Amino acid sequence: MSRRVSPRFWIILGLGVAAIAGLGALLALLGSGPGLVAPLHTPIPPTPPEDRAVASINGHSIRYAFWTEAVLLDQVMSGLAGQPAPAPEETLQRLINEQLVLGAFPPQENPTTEQIEAQMTTLEQAWGVDDDAVTEALERAGLTRAALEQAIGRLLKTQASLRALQDQGYDPMTWLEEQRASAKIVIDPEFQGQLKSAAAPYILPGVQSPVATESPIPTPTPEAPLSLSTVVPATKAAPPTPVPTIPEIAPDFTLDQPGGGTFTLADQLAQGPVVLVFLRSGGG
Amino acid sequence: MQDYYTRFQEAGAEVVALVVASLESVEGWCQRSAITYPMLADFERQVSKAYGVYNLENNGLAAPSVFIIAPDGHVAWSEIGEPSAQTILEHLP
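Chains as they are written, first to last, in this note's numbering: chain A, 1 to 284; chain B, 1 to 93.
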């Protein structure tokens, strides 16, 4: 039941940045996992919109502001590469996959400024643009150069983590598929509804909208420390299936009981099946 | 549901009502009504959202719905709406 997200975008973006492209292709290849499991404990107090978590991966939150910035960065970079931008949902799936990798194989050290600058130069050469063009594109999206450098740093860290994963004998794609199936990944249902609607607010003028998925274009792979592009099979992407918001595994929860004490679903389940009846109102 | 509650208990199941409301409101309802099964206040909407039933009617409340949770934690049956207690009983695992 896993969704296959087209690796098209990342393979195309990788013309000249094989390592990052292969990485991105791998991460974007695996779409959303099957069911959602949300272990709920104490209620989360209302938070400002920018800070609200739109997804949670094994307890690690992806905040709205972080995702929005990632979407805009993807659009800027694809625009500079002259390619269609990924859909905002594809960006979210990539962030989820990145977090799974980073969470399981934390990077031992952060990329240096030099490494990030070197990667930036490689990207600009691949895109055939100069620094000014990049800055201008970022400014149009309301982003700073620092934001792009941070994103590149994160990709480099993820790349290092993927190397660690492989060094331990795992196949990245298999490992990620297993993680998607077993990790506690929650996507806020309201936010999912938002994702389904037109991506209009996030598309920058002049950026091509995501096109229907096709088979990936083979990418030349210049020298790269880690070439994952060969890992990406040339498959045709299946049309995205709607993700059900009704969970298959009952999210656990604890709520205060009137009169004192708390009710925890898991504790009650130990005694037998539980019928949850959601009411519109308690008065009738 | 109250009429059927004994039958659910005899079948080894617990019935729990959830409503997006304050704990105070729920306490008031419980005191004023004849309901003997637990009613919980999902004030923060977290549970309703987790089960995918929050705001389906665009009223900031949970949509009336029923979930039968099997002891192993999986959702054995669910229905968005107000199925009869008889129907729910018939779907118990």
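Yeah, the Cβ is synthetic: ideal placement off N, Cα and C, and Gly gets one too. Owing to the predicted nature of the structure, the values given are computational and were not obtained by experimental measurement.
{"Item": "Beta-carbon contacts of P83 of chain B that lie in its chain and below 8 Å, excluding the five residues immediately before and after", "Value": "V66"}
{"Item": "Cα-Cα separation, T112 of chain A to T122 of chain A", "Value": "15 Å"}
{"Item": "Residue-level contact to chain A via CB, N58 of chain B, 9 Å cutoff", "Value": "no"}
{"Item": "C-beta neighbour in chain A for T6 of chain B, strict 9 Å", "Value": "no"}
{"Item": "CB contact check: E112 of chain B to chain A, cutoff 9 Å", "Value": "Absent from the model: residue 112 of chain B. The displayed extent of chain B is 1 to 93, so no value can be given."}
{"Item": "Contact set for V74 of chain A: own chain, Cβ-Cβ below 7 Å, skip 5 residues either direction", "Value": "This sequence places Asp at residue 74 of chain A; Val is not what is there. Cβ within range, chain order: A85, P86 and T91."}
{"Item": "E79 of chain B, DSSP secondary structure in three states", "Value": "strand"}
{"Item": "C-beta neighbour in chain B for D171 of chain A, strict 9 Å", "Value": "no"}
{"Item": "The beta strand (DSSP E) enclosing A270 of chain A, as first and last residue numbers", "Value": "Segment: none, A270 of chain A is in no beta strand (DSSP E) and carries neither H nor E."}
{"Item": "Residue closest to H60 of chain A, alpha-carbon to alpha-carbon, out of A:I152, A:V76 and A:Q99", "Value": "A:Q99"}
{"Item": "Any chain B beta carbon closer than 9 Å to L265 of chain A", "Value": "yes"}
{"Item": "Range of the contiguous beta strand (DSSP E) that encloses L18 of chain B", "Value": "E14 to V19"}
{"Item": "Residue of B:L89, B:K49, B:H74 and B:A85 minimising C-alpha distance to A266 of chain A", "Value": "B:H74"}
{"Item": "Pairwise C-alpha distance: F191 of chain A and R45 of chain B", "Value": "14 Å"}
{"Item": "Three-way DSSP call (helix, strand, coil) for A118 of chain A in this model", "Value": "helix"}
{"Item": "For I62 of chain A, the nearest candidate out of A:G79, A:L80 and A:I96 (CA to CA)", "Value": "A:I96"}
{"Item": "Segments assigned alpha helix (DSSP H), at least 4 residues, entirely inside the region 160-187 of chain A", "Value": "172-182"}
{"Item": "Beta bridge counterpart(s) of T262 of chain A as assigned by DSSP", "Value": "A:D256"}
{"Item": "V26 of chain B - DSSP class collapsed to helix/strand/coil", "Value": "helix"}
{"Item": "7 Å Cβ shell around P250 of chain A - same chain, five flanking residues per side excluded", "Value": "For the record, residue 250 of chain A in the displayed sequence is Ala; it is not Pro. For A250 of chain A, where only same-chain residues beyond five positions count, the Cβ hits under 7 Å are L265."}
{"Item": "R140 of chain A and V76 of chain A closer than 9 Å at C-beta", "Value": "yes"}
{"Item": "Beta-carbon gap between A118 of chain A and A81 of chain A smaller than 9 Å", "Value": "no"}
{"Item": "Inter-stretch contact at 8 Å, needing at least 3 Cβ pairs: the region 156-170 of chain A / the region 126-135 of chain A", "Value": "no"}
{"Item": "Top-ranked residue by Cα proximity to G79 of chain A, from A:G153, A:L176 and A:A133", "Value": "A:A133"}
{"Item": "Chain B within 9 Å of F82 of chain A, Cβ atoms only", "Value": "A quick correction: the sequence has Gly, not Phe, at residue 82 of chain A. Not closer than 9 Å to any Cβ of chain B, the Cβ of G82 of chain A fails to qualify, so no."}
{"Item": "Residues that DSSP places opposite I62 of chain A in a beta bridge", "Value": "A:A55"}
{"Item": "Residue nearest to L72 of chain A in terms of C-alpha spacing, selected from A:M120, A:A137 and A:A164", "Value": "A:A137"}
{"Item": "Residues that D256 of chain A contacts on chain B, provided the C-beta gap is smaller than 8 Å", "Value": "L23, L40 and A41"}
{"Item": "C-beta contact flag for F278 of chain A and P64 of chain B at 9 Å", "Value": "yes"}
{"Item": "Test: D3 of chain B CB closer than 9 Å to a CB of chain A", "Value": "no"}
{"Item": "Close beta carbons around I35 of chain B, own chain, < 6 Å, minus the five adjacent residues each side", "Value": "Q2"}
{"Item": "Any chain A beta carbon closer than 9 Å to S84 of chain B", "Value": "no"}
{"Item": "Top-ranked residue by Cα proximity to Y51 of chain B, from B:A21, B:S78 and B:E14", "Value": "B:S78"}
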